[in-house]
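To start, the structure under review is shown below, and the notes come after it.
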Amino acid sequence: TSRDAQNLDELLGDKTDNFLFHYNFPPYSVGEIGIVGSPKRREIGHGRLAKRSLLAVMPKLEDFPYTIRIVSEITESNGSSSMASVCGASLALMDAGVPIKSAVA
């Protein structure tokens, strides 16, 4: 529902985000040692890239008045994990019955 949307406090005023995309890329997915916690630069950048590509096919809020949250957990990476997240999210949206405009690949 719209109550599940994320409230954003921006410089020009408040707004809500009805499409949430979380891209989690822990260090062990590429054989590194590190702390799993707050998102790093790679996770933020890849997550924004994936979210922008999916926003292009999302239905308008008037046509589909629900908040959508997608979580992409990368468990192993040997290539373009952000684009794999986009393809997986596209399939998940279609399977969930979200009326997206077309598949994303």
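Every position in the sequence shown, counted from 1, becomes a number in my numbering once 1466 is added. Built from N, CA and C at the ideal position, the CB exists for glycine as well. Nothing here was measured: the structure is a model prediction, and the numbers come from that model.
Candidates the options: closest to residue i by CA position
i: Cys-1553; options: Tyr-1494, Ala-1571, Leu-1486, Ile-1566; result: Ala-1571
i: Val-1496; options: Pro-1565, Thr-1541, Leu-1477, Ser-1468; result: Thr-1541
i: Asn-1484; options: Phe-1491, Leu-1474, Asn-1490, Ser-1538; result: Leu-1474
i: Gly-1513; options: Ser-1551, Lys-1567, Gln-1472, Ala-1558; result: Ser-1551
i: Ser-1468; options: Pro-1531, Ile-1566, Glu-1476; result: Pro-1531
i: Glu-1509; options: Ser-1519, Thr-1533, Asn-1490, Val-1502; result: Asn-1490
i: Ile-1566; options: Met-1524, Ser-1543, Glu-1539, Leu-1477; result: Met-1524
Rounded distance between the beta-carbons of residue j and residue i, thought under 8 Å
i: Ala-1516; j: Ser-1548; result: 5 Å
i: Val-1537; j: His-1488; result: 4 Å
Which residues DSSP lists as bridging residue i, in chain order
i: Tyr-1489; result: Ser-1538
i: Thr-1482; result: Asn-1473
Proximity test, residue i beta-carbon vs the ligand ADP heavy atom, cut-off 8 Å
i: Leu-1515; result: Although the ligand ADP was asked about, the structure shown includes no ligands whatsoever.
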